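Presented below is the structure to which this report refers.
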Amino acid sequence: MHRETRLRLELIGIGATGLLAAVMIGFLALDYLQDYAVAGALYEQYRIAGRLLDYVLGTNVFRHPFMWRSIATGILIGIVAPLVGTYLVHREMALIGETLAHTAFAGVAIGLLFSATTDLGVSLLLAALVVGILGALGVQWLTEHTDTYGDVPIAIMLTGSFAVGTLIISYGRGMTGINVEDYLFGSISVVTPGGARLMAVLSVLVVAVVIATYKQLLFITFDEQAARVARLNVTWYNTLLIVMTAVVVVGAMQILGVILVAAMLVIPVAAATQIAHSFRETLFCSILFGQVSILGGFAVSIGGSLPTGGSIVVVAIACYLLAIAASSRSTTAISTH
1 MHRETRLRLE LIGIGATGLL AAVMIGFLAL DYLQDYAVAG ALYEQYRIAG
51 RLLDYVLGTN VFRHPFMWRS IATGILIGIV APLVGTYLVH REMALIGETL
101 AHTAFAGVAI GLLFSATTDL GVSLLLAALV VGILGALGVQ WLTEHTDTYG
151 DVPIAIMLTG SFAVGTLIIS YGRGMTGINV EDYLFGSISV VTPGGARLMA
201 VLSVLVVAVV IATYKQLLFI TFDEQAARVA RLNVTWYNTL LIVMTAVVVV
251 GAMQILGVIL VAAMLVIPVA AATQIAHSFR ETLFCSILFG QVSILGGFAV
301 SIGGSLPTGG SIVVVAIACY LLAIAASSRS TTAISTH
């Protein structure tokens with residue numbers, strides 16, 4: 001395919017993805033404001049569209065608001081996870097997503113124990129977000145203040161946070177009826193209205209930050225030493241990237257679970273690098289592969305009554321293998337433009 005034609009198709013795909021994300025964010029906003037007259041009327045149009053989809057597809061899922069919330073969350077994950085993951089993969093930091101997922105799981109465990117032992121209602125997603133960000137800052141601090149190899153602090157944080165989570169879960173066993181396996185393997189039932197709205201807000205923030213700091217993040221990704229010489233605040237941008245990773249991981253954990261969450265940070269990006277010729281094109285293609293993985297995974301999950309997280313990852317791997325088959329080069333060589 002001619003390069004200009006391919007780039008045009010990629011831009012069309014990105015535009016369609018942005019429109020789809022806007023529609024989903026619109027639904028989440030109307031879901032929150034449905035008690036008001038105008039918002040309630042518009043919200044009902046989504047419900048009608050869902051019933052129509054069920055009629056056309058012969059399903060019984062799209063008429064339910066919780067399914068719309070889950071799909072909306074998944075679509076947003078399909079955008080922000082590859083977006084942040086592109087920087088991580090090119091910096092050889094793919095393991096950080098797995099690490100922060102385990103850290104977020106410790107946050108879920110803390111939230112569960114706190115809710116079970118006090119009368120205060122604690123949002124598990126918010127607890128995971130706070131602990132995940134603290135874990136991200138901890139990894140950054142250890143990396144900069146120890147003489148060990150770069151992946152050692154990451155490995156320590158990964159195993160240590162998961163160990164803390166398992167101890168807390170074991171200590172509080174029987175105090176709460178919440179199924180911890182849903183957070184390990186992911187489940188659409190984990191996505192609450194508040195969790196979906198939080199994901200929408202965080203997604204908008206992540207996209208806005210990446211757009212605003214694109215050149216700086218690109219600089220430190222490909223030549224961190226030169227960025228330091230140019231007096232760029234590398235520590236600040238590294239911290240910003242790792243905090244955004246924590247935010248994305250916590251949101252994606254709702255659908256994919258702790259064990260599979262890193263897949264959406266890595267696999268769509270790995271597929272994109274097989275066919276892209278520039279960093280920006282890699283960003284675009286990874287988002288498109290992310291959307292195909294999310295929507296295809298939901299289709300497989302609904303059609304076969306299978307776990308959503310596993311279905312999404314399998315579709316993502318299929319996209320990766322197809323990208324390898326379609327690639328005309330044996331090694332990755334992209335420009336930084």
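Residue numbering for the sequence shown is 1 to 337, as defined by UniProt numbering. Every residue gets a Cβ at the ideal spot worked out from N, C-alpha and C, and that includes glycine. Values in this document were obtained by computation on a predicted structure and should not be read as measured data.
Distance between residue j and residue i (C-alpha atoms, nearest Å)
i: Y41; j: V131; result: Rather than Tyr, the amino acid found at residue 41 in this sequence is Ala. The straight-line gap from Cα to Cα measures roughly 39 Å.
i: F284; j: S170; result: 43 Å
i: A263; j: G74; result: 13 Å
i: H90; j: D35; result: 46 Å
i: I110; j: I156; result: 19 Å
i: G26; j: E144; result: 41 Å
i: R47; j: V38; result: 15 Å
i: V266; j: G304; result: 25 Å
i: C319; j: G18; result: 21 Å
i: L125; j: A22; result: 23 Å
i: Q140; j: L88; result: 14 Å
i: Q274; j: E44; result: 43 Å
Candidates the options: closest to residue i by CA position
i: R197; options: L9, I169, R69 and T273; result: R69
i: V261; options: L95, Y237 and S286; result: L95
i: V80; options: G160, P268 and I154; result: P268
i: L256; options: E224, L126, L232 and A316; result: A316
i: L112; options: D31, L306, L167 and E224; result: L167
i: F219; options: V234, L142, A200 and L137; result: V234
i: A326; options: F279, Q291, A271 and V314; result: A271
Same chain, Cβ closer than 6 Å to residue i, five either side skipped, listed in chain order
i: G165; result: F105, A106 and A109
i: M24; result: A72 and I75
i: A28; result: It is Leu, not Ala, that sits at residue 28 in the sequence shown. Taken in chain order, the residues that qualify are A72, A196, R197 and A200.
i: T331; result: Bear in mind that a pLDDT of 47 at T331, under 50, signals an unreliable position, so the model cannot answer this.
i: L142; result: P153
Heavy atom of the ligand SAH within 7 Å of residue i beta-carbon
i: L19; result: With respect to the ligand SAH, the structure offers nothing, as it holds no ligand at all.
Environment of residue i [buried if 16+ CB atoms lie within 10 Å]
i: L288; result: buried
i: I324; result: exposed
i: I312; result: buried
Close beta carbons around residue i, own chain, < 8 Å, minus the five adjacent residues each side
i: V84; result: V206, V210, L241, M244, T245, V248 and L265
i: L57; result: none
i: Y32; result: P193 and R197
Residues near residue i by beta carbon distance below 7 Å, same chain, minus five either side
i: T86; result: V269, T282, L283 and S286
i: L184; result: G257, V258 and I259
Closer than 8 Å to chain D by CB, residue i
i: A21; result: Going by chain labels, chain D is absent from the structure shown, which holds only one protein chain.
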